[in-house]
Structures are given as C-alpha cells and as structure tokens.
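Asker: Mind looking over this structure? Questions follow.
There are 4 protein chains.
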Amino acid sequence: MNKIKVGVLGATGAVGQRFVQMLEGHPWFEITALFASERSAGKRYVDACRWNLRGDMPAAVRTLIVQECEPGADCQVVFSALPSETAGEIEEDFAAAGYAVCSNARNHRYDADVPLLIPEVNPEHLALVDLQKRNRGWSGYITTNPNCSTTHLVSALHPLHVRFGVKKVFVVTMQAISGAGYPGVSSMDILDNVVPYISGEEEKMEQKEPQKLLGVFDGSGIQYADFVVSAHCNRVPTRNGHLEAISIEFEAQPTQEQILQAWREYHPLAQQLKLPSAPQPAILYDERQDRPQPRLDRMAGSVPGMATVIGRLRPDPLLHFKFVVLGHNTIRGAAGGSLLNAELLVAQGYLGQDHALLAKSATFA
Amino acid sequence: MNKIKVGVLGATGAVGQRFVQMLEGHPWFEITALFASERSAGKRYVDACRWNLRGDMPAAVRTLIVQECEPGADCQVVFSALPSETAGEIEEDFAAAGYAVCSNARNHRYDADVPLLIPEVNPEHLALVDLQKRNRGWSGYITTNPNCSTTHLVSALHPLHVRFGVKKVFVVTMQAISGAGYPGVSSMDILDNVVPYISGEEEKMEQKEPQKLLGVFDGSGIQYADFVVSAHCNRVPTRNGHLEAISIEFEAQPTQEQILQAWREYHPLAQQLKLPSAPQPAILYDERQDRPQPRLDRMAGSVPGMATVIGRLRPDPLLHFKFVVLGHNTIRGAAGGSLLNAELLVAQGYLGQDHALLAKSATFA
Amino acid sequence: MNKIKVGVLGATGAVGQRFVQMLEGHPWFEITALFASERSAGKRYVDACRWNLRGDMPAAVRTLIVQECEPGADCQVVFSALPSETAGEIEEDFAAAGYAVCSNARNHRYDADVPLLIPEVNPEHLALVDLQKRNRGWSGYITTNPNCSTTHLVSALHPLHVRFGVKKVFVVTMQAISGAGYPGVSSMDILDNVVPYISGEEEKMEQKEPQKLLGVFDGSGIQYADFVVSAHCNRVPTRNGHLEAISIEFEAQPTQEQILQAWREYHPLAQQLKLPSAPQPAILYDERQDRPQPRLDRMAGSVPGMATVIGRLRPDPLLHFKFVVLGHNTIRGAAGGSLLNAELLVAQGYLGQDHALLAKSATFA
Amino acid sequence: MNKIKVGVLGATGAVGQRFVQMLEGHPWFEITALFASERSAGKRYVDACRWNLRGDMPAAVRTLIVQECEPGADCQVVFSALPSETAGEIEEDFAAAGYAVCSNARNHRYDADVPLLIPEVNPEHLALVDLQKRNRGWSGYITTNPNCSTTHLVSALHPLHVRFGVKKVFVVTMQAISGAGYPGVSSMDILDNVVPYISGEEEKMEQKEPQKLLGVFDGSGIQYADFVVSAHCNRVPTRNGHLEAISIEFEAQPTQEQILQAWREYHPLAQQLKLPSAPQPAILYDERQDRPQPRLDRMAGSVPGMATVIGRLRPDPLLHFKFVVLGHNTIRGAAGGSLLNAELLVAQGYLGQDHALLAKSATFA
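Residue numbers (this note's numbering), protein chains in the order written: chain S, 115 to 479; chain Y, 115 to 479; chain H, 115 to 479; chain B, 115 to 479.
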C-alpha cells in the first residue's frame, strides 16, 4: 500500500525544516507538497530554503516546487509550521477543503472544538474532530499540539495527575534560542545573558494549555482540569532543549517512590500503539544529581528529541515535591508533536480504516 | 589621619582579586598585606597571581610580597576570600590574634555568635561581635556575608518583610559561571547548556541564611525569622550576574503599588551613613517588561555591581506576587559584601572611635 | 565659548547609540539634533530608541525629538551612522547644505576627493576637503573612517610602514557579533559556531582601504601605497573586539626589537594634539604570551575602546614577522573613529579658527 | 572468526571516552580491557568514569573493571588516549610486551622509526614498523596519528601536494574547546572571548608534523617534505570542530578548477580498502559561500566526524589560492584517527594474515 501523501505549510522556516527532516524516510508518510509565502512560491525547495539544520536537505524534496499556501495540492494531511500572523485563516481554508491539518501554530489551540493534543496524554480528545466538522461544516479538520514549554510540563505531570491529582504547579523555564525561530533571537541579546521575558509564554502555561490538555472530554466538549499554575519564562543561551524547574502539590500527597513508580510504569496509548515517532518509554528518569542537562540529554531516548527527561525529584519545602524536566523544543515541542498527532490520527482511523489497519499491521509486524 | 591598613586572605583567587580591585583607591582602606597559599608565599603579587579581571592589576600591590596565611602582618582588618576547605581555622587564628576578619567564606556564617551581615538589612546583628569576643576569648572577631544568591534574594525581600511580613518564598536561580571561581566551571560543561544543580546552594538558600539575616537580635542571639523558602539553583552560561525568578506570599497581602513603594522608599542605615560602597539607592526597580538582564544591568546603579536590580513585579496565581531579581555575584555577592561589612564596622565604631569619627566627617564633608 | 553643536544621523541604531554614548559629556561637542528614519521621526529619542548599551540613555538626549534625515537642523557637524543603503545620498545632501559630515558609512570612503581618515595615520589627507568642496561646489564636506577591521590593522601597520615599508600582509580576522549591528547576527547562526564569511569585508581589507590610508597626498589626490594584502574574515561568538592574526613582510627587514621600538615610540599628531578621544598611547603592546584577548583587553588604555592592542610578536617562517592585533570594533572601529575625525577637524581649523584656538588652549591648559 | 580484542589506555578521559564510543559495535574490534590511573583501577568503568558524551555509556563496557596501565591484559591492540605526561613510557612498555599501540599522544610522533599516520595520506609509512621492531627489539610496536589541527590541514593538502607540489602554507586555526580535554578550558577564559595562543600547537603545525606526513619513505626512514608552514593558533568558543583559514603556494600553479578536481577525484588507499571508519569520500567540498561552519558541518559525510570539509576556494593575492578547512577534532583529529590507523594495520596484515583476509572478505562482501 502506498504511503499517505502529506504537505508542509511554512516549509522554509525553522519549524518547517524540522517537519521536512522528520518526515524523511517516515514509514507512513511521504511529502508531496511544500507550501510557503508568495516570495518562495514557484522556486525549487533547495533554492527557496536556507537549510539551517545539520546534515543535508533530504534529496527527495530538493527539487519539489514550493507552492503558495492554498488548498488544491495532492495530499491528505498538511502539517502547519505557519507563524501565528497567517496560520489562522490558512489552516481553516485547508480544513474546509478536506485536509487533515496538524498544526503547531497557536491560533486554534484554544477553540472549543479543536483538539489540543499530546498523544500520550489525551488521545480521547480526538473526539472533538467530529464535533468540529459538524460545527463548521468542514470536510477536513484541525488538530493542534501545545506550546513547547507546556508540552514537556504536561508530559511530566500526566502520569502523576492520573494517580494523585495535580493541584498546584510552580514552573520556571529556561528556554533555548531555537524556540524563537530563525533569525529569532539576536545574538546581541543573548550572548552572556538571560532574558527574563518571552511574550505570551507565561499566559499559555498558566491558563490556556495545561488545564485543557489534562481536561476531560464529556461528550460535548472539554471540561478543563482544575489546578493552578504559576510560570516564570526565561530565554537562556542554549541552542535546543527547554529546561524547567518545577514544584508541585497534589490532591493526595504521594511518597517520593510512588512518583518514581508512576513515571516508571507510564505506558500510555501512543506507546502501546507503537506509533513510529513515539519514544519507548515516553518518560526517562535520570538518577544523576546534576541531570537532565540540555546539551547532554535533549536527544535521549529511543526517538531522538521526542522523550521527556526528568531528574532531581526531591521534597519541596512549600509544595510537595520538586524536580527538573527537560524536553526538546523544536522536535517534540513543535514539529515532532504535530507529527505524532498525525500518527495518532492514522492509527485511530481518522485518515481512513485502510490506513489504520495498515498502521496496525505494519507496526506490530 | 592615615587610612586603615587591611589585608586579603586568598588574594590570588577570583574573589581575592575582586577584593584587591575594589580596594584600589578606597577612601578609608589601604592594602598592606596579601596572603595566599604556601606555593605563592614569598613571591611578588604580580608574579604569584594570574590577574583575570579587566584592566590592569593595581600598581600599588604589584610588588607586595605575598605572605602565608598566618597572623603577624601589619594590618587591622583582613578580608577573607579563602576556600571553605581552609577558611575555618585560618579565620579563627586571625580573630584570636586581634584582627577584624570580614569573611566571604561559608564556614562561620551559621555560628550562633558570628554575625551574618548585609549592612542594609541587619546592621544591628553586629552586636554579636561583643558576644563572640566574650565567648571565645578573642581580641579580634569574625563577621561574614551571605552566599551570592542569598544576598540579592534577601536584599529584595527586606523592605517587604519589614512592612508585610514574608511568609513563603519560591526562588529559582540562574547563576553566572564566575560564582564557581577560577578555573571553576569547565567550558565543556556549560557552553550551550544549563546545569540544574549547584552543590550545597539550595540548602543555604532554603534553611541557613535568609532566616538568620531577617532574624531579630534579642540581646543574647538571633531569633531566626519564620518563613519557608523553596529554592531551585541552576548554572547558566553568563559571565556575571545571578538572575532569580521569585514568587512570594506575605503575612499581610499588600497591593502591587505598596510593594513598589516599599522598594522606592527603602533608605536603610548603610545608605543613611553614606558608606563609600553603599549604592544610592540600594534597590533599583526597572519598569521595562524584559528587564533586568545580567549583561545590561549587573553594573547598574551608583556603585557598579553593588545594587540589587528588580523588575517584572506582577501578581502570582499561587502566592501573592512574583518578580525578577538580579545582582552581581562576585561584587555585591562576594568581595563587595565583605567590604561593605568592613565599612559598617568602621562607621559603627568597631575599629575604634577615631576611625568612626573620621568616617563620619569624611563622608558628610 | 559654547560647545560645537552636533547631530547624529541614524541615531537609533547600534552605531548611532555609541555616538550618543560617546558624546555624553564631551568637552567640545554637544548633541542638538538626532536623525532617524521616518518611522522614528517626531518621537522623543527615549521612545524611538531601544537602548541596547550598558548604562542608561544619557539624560540630556532622552526628550530630544527625533528628526527625519534632512538638512535644516541647528548644528555644525553631523555624525553618520546610517546604513549604506541610505547613507550615500543623505550625506551628500548634508555636505551640500554646509554641514561637516563625519561618516562611518562605506559609501564615500573610496571617492577620490573624500578623505578616509585615521587621525594618527594620515591627518594630512584632510587636505582633500578643500578639493572636495571645490569639485562639488559644496559649502560643507564629508570625511570618513575606515571599516572596523581595517582600522586596527592599519593602526598597527602605520608606525612600521613609516620606518620599514610594508610589502606583504597576511591577515585573518576573528570578528565580534556587534560588528553586524542590531539585530545583526542571529543567535542561531553563531552560538557554538564560527562563520568563515562576512560579505564585502575581505575586499575592503585587501584592496580598498589600507592602501588609501597609507597613501600619500600629492597636492591633487592620494597616491595609493603599494603593498599586497591577503585577508580571511570570520565571525566568532564574541560580543565586542575584533582579533586579527597578522603576518607581514617589509621592504627593509627590521629586527624584532626595532618593531617593538617603532610601536613604543609611536606618538603621532593626534596624540601630540591631545585630542580628547585620542588614547595615550595610541598603541599598547602586551608582553604576555596569550594576549591580547577580546574580553580582557578591548577596553584597555586611557580612552576605553580607542587603543590598538598588540601582542605575540614573533618571527614568521614565510614572511618576516607575525603578531596579534585587537581593537574595539564599535568604539574605535566605528563611532569613536568618526568622533576622533571630528576632533581633528576642530583642532586643524576646519570648523573655524575660533574653535581651533579654543581646542588648543583647552587641551593644553 | 572472533573480533580482535582491544584495550584503551586512559579510558576515563575525554579522548578515552571517544575511543569507547567509536568502538561500540565496531565490525572488527571489541573492547576487552580499559586502563586508567591508579585512582580508577579496580572500579567498574561506570563508576570510575564521568561519562561526558551525548548518549549513554555503551552497555558492554559498563561493568568492565578498569586496570592500571600495565601490560598483561588479554588484547592485541591498545589505543592510547594517555596525556603526554605519562604516555611515553607506558606506550613503550606495551609495545615491548607485544601489543600494537595506536597512540593519539604526541610523545613518539617525531621518533624516526615510529610512523605518524593518516591512512589516506601516507599508508606506506607503515613500513617503519618493521624498522622499529628491529631497532628496539620489541615484539609489538607503536603507531601514532597527528595533532588534530595538523590532521585536517594535511588531509586537505595531500591531493594537491601529489599533483602540484606544496611550497608555502599559511594557516590560522580557530580551535574548539574540546581540543583541550576535560575539564580543559575554563569557561571563565573563553565565554565571550578568543585566546590567541595554544601551547606547543604552532610548533607542531609548522615544523614537526606536516613535513613528516607528506614525506617519502626511502627504505630506511622518512625523507621530510620540503615546504614552509606559518601557523597562528587560536582557541574560540565552539564545542567541536577546528576551522582553519589557509593560503597556499604550489611548485606548479594549478587553476582553481584543477584544485577542485584534485579534491573531487581523491580516492586514496583507505577508501579503496573500505576501512570501516574511512569516510566515503574522504574530502567534501561545500560550494556555499559561507561554509563550512563547525556547528553545521563537523559531522558531515558518511562516517560522522571523520571527513575533511573544505569551502571558499578562491585566488589569494599573496600566494596562489586560499580556502577554509573544517574537521572534527576529537573524532578524526584524535580517537578516530587512531582507530583508522588500527583498521589500516588490520587490512595491511600487521595484525596477522588471518585478520587481513577476514577484513578483506568482510568489507568487500
């Protein structure tokens, strides 16, 4: 059976390039369309895109002609790496035209009928897709993944929330420069420096995303989870990998060993389904007293850049426990998050039962 | 009248060099003795010391002969930049021999009869000196300044504690490499990285120092202040300046404006006395949404490196308020802290009434 | 007598800010006009400019209203920090209207009747000003300073050229990020990296600037000096200070000691005139085997950022000698270069004899 | 047939860890012995070694017991990552005891009967091994690889030297921090800085290594090649990858296209033999005007870290041509260099004809 044809919206930017890189050799997907701004449209991808990742641009896409961001291309899924200035309307156009849009943009994350997804955390929220199609009269639909900092925070919290109930979360982020895209952060602003402010980031982490992600689908929408988050967001001079210092209080206070056990035993649906981009295991706990560290650990695990790495669990004098979380921001926190969402769509039959069966047989072969 | 003769213990190291730099041209003090390890003793300072600060080694000390760390030198005050492996006993020897020891080492900070001082915060703790001399039968005495991260945390809290009572503090530090001395942090460990662990640092910030600094002298000792601190300490790739993300809860919840007012109106004894190294004002509040930043603000204020710079005051969803604090770690957080302690000793008559009068007249001339 | 009124073209950019910073408290000049793009015009400087240097924006200019870049303002000298896209025509307009334009832009550097100046090196080239005014029928005129990398190369070569005749020069630069302005170099491009290419830089250093600077004014124009330069230009992750590895062959081979002597005895006109921004001495030689270094030495000397610092003189196996040169790129290599040119104009009577006399008496008072 | 048993001398250090990493899963070699200082001896490798590379310590070596650096262990080859303070004598002891020592240390590189090898460049120098065994009465022998900066310089020169004859070389290095080992360069010395000095490095590049590597074996020893090198060596704040700016003059001046052709057609013995660690091709030329760059290109090619990457070939005003070379310093420039030497030993029968045959059949299978 042929691979599923996919396109990338905003293919020449930093996140767009990550999509292209991660889709190279993907067992289920093949790129058949690359979309970018008018300025790039009509050029070969190799000419339109200043490739900024290690390794060469994949051979298969070098001569693809970049298209403007309009429906019509021959593909079933489009991954969106569009900036929020343009993502909103373009994604709607594609969804209306029948495409499955897997978006990394923030525009539709908070819409009541759009799933904000981490496949390990809330796969049941996919049910919103049917609601969305009905509401909006679309033949396609939009799914989204959360902000890079939220992703790893919630990935670490999920197994604990299920067992002990998260009540209060204190989080301070130390975020890598790649989180701001390219050219993004000026070297003049960050060399020998820390910037204690990232526009809009604290709002996303405090109010908009964790409570939706850990919320419950009640048949007609998401009942947001009820816990409080305080976030301080900082930019530091690391290339990749957001580090987060977290303190937490639970409904039911566990022991330190019970927390470790919850992380150790964590084997959610995405891992059970053996989605190709799902790391096995989803969470790595590092015992060493000075880990995780961005440079050494951001690519740890079975699928580089997709795992959440945790360390330094210890009692907290104010709340119950504190620990450190690290995750790759442009892989799991951006392109990889959308890609895993698309894999979940396939495995759950949202791209047709044929694909779902194939995925199942291929994976378990 | 002549200047007060002072020496520096551990003069060849990173903090020792800062002492030498800050004492150049000091209005009250002049360096007459430099002490270092056996290996350096007998050499001229210029030959014994690999000068690692911008600008040249001060001319006046280049040819001073470095001595071993033993009492006997012609000076009244010794500043201690010794590592904790050796500081304990050597400082005791000097105090016993009649010197006023102003130490940056941690060894005696937590002794019940040794003042842990920030001149703006707890000058009345100097009363411990008499107790200490009596207890130990010494003709001299030891004073200490707190850890670099504690210093700026407590400097920011003090005006708030006085008015509203600090109850709970959450702090995450992003500390500069110079805090680990020289050679200190390997470049292999910190380039493109953050290390979420600094040995012993969280213990100092949580239990040992803030509560003593904000404690009350009751005639026989310090009654520790009663509040709880949760600290996460991180090393980041900045040269100088520790940045701290802080959330706080008070006994009596103030308004945001009342907090700003408390900082604005802060004019404690050290500033009233116009101690030469006391910044005017002690606390700077920066209104800009992305400040303070280490590179741009660590030298802000009237005495470079001595002020505490605060920004981003805003409500906190969990506690009452949150904000960002920045302070220079090797100036106010180390050598400058000890130096200001020594200036307080002079002004308060602990080095003789003649000096105190002189200080007074000179300052207010 | 009043100070000379000056304006800054392109005042909100990186080099423009350096002009503003260096002009604060200047003994001869006071800023009366700030010019920037249409977007900034009409705003107060404090509102139009994102101040990016350490320390606060000087109080005297905070409320100056930014003007569009057109003649008419009340000042005698304009410093140009304009980008080369717009500098050419605007500078001509100001010169035609009677202003003395001291430009850091490259547009007019290579015009046969425009002096390319380093006051220590070729003050006699100022004679081109009369030629220029005659040629062009202007009441004002343009002077320029060289590119940041050329400035320090030629500053080091000049005393040697005079005595031994420079014949061949090999130079490899390691240039700081601030050389590209703000936002300039993306942090994504330079963290943990070196970029072995800077657009147009090698051409300037090889053919366009050193030979003009060391050329001879023959009454009707500059006879370019006759030597060959090979340049490799690189961007490295340092904030300020261009480091240059240089090998050199002379017409008459000197001894190592003769070279050191030429640098030691160097006391050109700018230093004899005691121009306020001229460092005393102009060249610093550092004997230490691992110096100069950008972080430690870029601000060395009597006027921070204005001296040329040299080290590691040793025989070269291919040419005669090799050594290392360091200079501050945004101070001496940009704003400070133009400022020193303006000071030379004053002292040499190009801004009127009254000012020249005043400068003389003030300086030698 | 079983794999060849190998050991690593100095296994806990930075280069030692690279050996262990590169030997994991090697088709011909398996680690059976790890040697380190007395302090580590007797401990499991996982306990003795602070693993400092990305990814986990290979499982197969975690529980190997570290031995003191003395002959006796069950292996046929030992790789030496020893520091030069101890490498000299220990390597001799192992060679005398019958081991094939493949050393990265500098101690024996310049001995007349010890081959200094780059398998692509001078495999015929292996003939020195027989001479060495005879001279010294050893049953084993020592081979060495050059310094990291020399390796990539000579790798780029070799195909040109063969065709056009290298006459003069000018080289300026910008070397990564990992070249100094761990902890190596203090972060205080290199953040926001360049250090224009590396002890002993310029001597190695100018006189000791390139001429031996490109020399001719005349039956009784190496006739050094006759060309002159001028080197300036600098440390820059990059993690891995030495960048070199090179100008060159030939005996017979080629065209630019002839140089590109020489690199393009380069297919030396190591590549013909398909040694497992030999990159295919050995030299990569990058057409882009701003490449190679350390971060983007140090792992380029078929065996990450083993290729030499070249760019920016253009005419030089002083010599004939100039270009930029990049190579990984701790892979090809250290551990990978020794490893490739060992692979050459196998393929050429120096570890026994059985192994040679096997290598041949396995590789060409």
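The C-beta atom is built at its ideal place from N, Cα and C for all residues, glycine as well.
1. Below 8 Å, how does it come out for the stretch 392-411 of chain Y and the stretch 121-136 of chain H: are there three or more Cβ pairs, yes or no?
2. What would DSSP say about residue 478(H), mapped onto helix, strand or coil?
3. With distances taken Cα to Cα, identify the nearest neighbour of residue 239(H) among 250(H), 249(H), 227(H) and 248(H).
4. Between the beta-carbon of residue 200(H) and the beta-carbon of residue 229(H), is there less than 8 Å?
5. Take residue 208(S) and list the residues in its own chain whose beta-carbon comes closer than 7 Å to its own, dropping the five residues that flank it on each side.
6. May I ask you to verify whether the stretch 443-455 of chain H touches the stretch 379-394 of chain H, counting CB pairs closer than 8 Å and requiring at least 3?
7. Restricting to Cα atoms, I'd like to know which of 296(S), 329(S), 284(S) and 322(S) is closest to residue 275(S).
8. Can you tell me whether residue 147(H) is helix, strand or coil according to DSSP?
9. Does any CB atom of chain D fall closer than 8 Å to the CB of residue 359(Y)?
10. If you draw a straight line from the alpha carbon of residue 310(B) to that of residue 304(Y), how long is it in whole angstroms?
11. Please list the terminal residues of the continuous beta strand (DSSP E) segment that includes residue 118(Y).
12. In the DSSP assignment, find the alpha helix (DSSP H) that holds residue 405(B) and state where it starts and stops.
13. Looking only at C-alpha atoms, which of 265(B), 223(B), 210(B) and 250(B) sits nearest to residue 233(B)?
14. Going by CA-CA distance only, name the one from 340(S), 377(S), 135(S) and 458(S) that's closest to residue 427(S).
15. Name the residues in the stretch 276-298 of chain B whose C-beta lies less than 7 Å from a C-beta of chain H; which are they?
16. How about the stretch 135-155 of chain H and the stretch 218-226 of chain H: do they share at least three Cβ pairs that are nearer than 8 Å?
17. Taking residue 413(H) as part of the alpha helix (DSSP H), name the residues at either end of that continuous run.
18. I want to verify the contact list: residues of chain B whose CB lies under 7 Å from the CB of residue 166(Y), in sequence order.
19. Give me the chain B residues within the contact set of residue 306(Y), using Cβ-Cβ distance strictly less than 8 Å, ordered along the chain.
20. Looking at chain H, is there any beta carbon in it that lies within less than 8 Å of the beta carbon of residue 410(Y)?
21. Tell me whether residue 136(Y) sits in a helix, a strand or coil according to DSSP, three-state version.
22. State the DSSP-derived secondary structure class of residue 321(B), mapped to helix, strand or coil.
23. Closer than 7 Å by C-beta to residue 366(Y): which residues in its own chain qualify, once you throw out the five before and the five after it? Chain order, please.
24. Residues in the stretch 389-417 of chain B with C-beta within 9 Å of chain S's C-beta atoms, listed in sequence order?
25. Which same chain residues, not among the five before or five after residue 270(B), have their C-beta less than 6 Å away from its C-beta?
26. So, with DSSP's three-state summary, where would you put residue 302(H)?
27. May I ask you to list the residues that DSSP assigns as paired with residue 258(Y)?
28. Would residue 448(H) and residue 132(H) qualify as a contact pair, given that the criterion is a beta-carbon distance under 8 Å?
29. Which same chain residues end up closer than 7 Å to residue 433(S) when comparing Cβ atoms and leaving out the 5 residues on each side of it in sequence?
30. Can you list, in chain order, the stretches of the alpha helix (DSSP H) that have 4 or more residues and sit fully within the stretch 337-413 of chain H?
31. Please confirm whether residue 250(S) and residue 410(B) have their CB atoms less than 8 Å apart.
32. If you draw a straight line from the C-alpha of residue 198(B) to the C-alpha of residue 164(Y), how long is it?
33. In three-state terms, what does DSSP make of residue 164(S)?
34. In angstroms, rounded to a whole number, what distance separates the CA positions of residue 127(B) and residue 295(B)?
35. With residue 441(H) as the anchor, note down where its beta strand (DSSP E) starts and where it stops.
Answerer: Let me spell this out:
1. Taking 8 Å as the limit for Cβ pairs, the verdict is that the stretch 121-136 of chain H does not touch the stretch 392-411 of chain Y.
2. Caution is warranted here: a pLDDT of 44 is assigned to residue 478(H), below 50, making its placement in the model unreliable, and no coordinate value can be reported.
3. Here the closest residue by C-alpha is 227(H).
4. Against a cut-off of 8 Å, the Cβ pair of residue 229(H) and residue 200(H) comes out as no contact.
5. The residues 185, 192, 215 and 254, in chain order, have a CB closer than 7 Å to that of residue 208(S) in the same chain once the five nearest residues on each side in sequence are set aside.
6. Contact between the stretch 443-455 of chain H and the stretch 379-394 of chain H is present: 3 or more CB-CB pairs across the two stretches fall below 8 Å.
7. With respect to the C-alpha of residue 275(S), the residue from 296(S), 329(S), 284(S) and 322(S) having the closest C-alpha is 329(S).
8. Three-state result, residue 147(H): strand.
9. Protein chains in the displayed structure are S, Y, H and B, and chain D is not among them.
10. A straight line joining the alpha-carbon of residue 310(B) with that of residue 304(Y) spans about 21 Å.
11. Unbroken beta strand (DSSP E) run through residue 118(Y): 118-123.
12. Note, residue 405(B): premise wrong, no alpha helix (DSSP H); not H, not E.
13. In terms of CA proximity to residue 233(B), 265(B) leads the group 265(B), 223(B), 210(B) and 250(B).
14. For residue 427(S), the closest C-alpha among the options 340(S), 377(S), 135(S) and 458(S) is that of 377(S).
15. Residues of the stretch 276-298 of chain B with a Cβ closer than 7 Å to any Cβ of chain H, in chain order: 282, 284, 286 and 288.
16. With a cut-off of 8 Å, the stretch 218-226 of chain H and the stretch 135-155 of chain H do not count as touching, because too few Cβ pairs lie within range.
17. Residue 413(H) -> no alpha helix (DSSP H), and no H or E assigned at all.
18. Ordered by position in chain B, the residues that pass the 7 Å Cβ test against residue 166(Y) are 302.
19. Residues of chain B passing the Cβ test: 353.
20. When Cβ-Cβ separations below 8 Å define contact, residue 410(Y) makes contact with chain H.
21. Note: residue 136(Y) maps to helix in three-state DSSP.
22. Helix at residue 321(B).
23. Within its own chain, the residues whose Cβ lies closer than 7 Å to the Cβ of residue 366(Y), once the five positions on either side in sequence are excluded, are 278 and 279, listed in chain order.
24. Hits within the stretch, in order: 409, 410, 411, 412, 413 and 414.
25. Excluding the 5 residues flanking it on each side, residue 270(B) has same chain C-beta neighbours closer than 6 Å at 422, 424 and 439, in chain order.
26. Residue 302(H): helix per DSSP, three-state reduction.
27. Bridge partners of residue 258(Y): 217(Y) and 230(Y).
28. Yes. Within cutoff.
29. So the list reads 282, 284, 361, 362 and 363, once near-sequence residues are dropped.
30. For the stretch 337-413 of chain H, whole alpha helix (DSSP H) runs of length 4 or above, ordered along the chain, are 370-378, 383-386 and 408-411.
31. The answer is no: Cβ separation not under 8 Å.
32. Our two residues, residue 198(B) and residue 164(Y), have alpha carbons roughly 25 Å apart in a direct line.
33. In the structure shown, the three-state DSSP call for residue 164(S) is coil.
34. Each residue's alpha carbon lies about 8 Å from the other.
35. For residue 441(H), the enclosing beta strand (DSSP E) has its first and last residue at 435-441.
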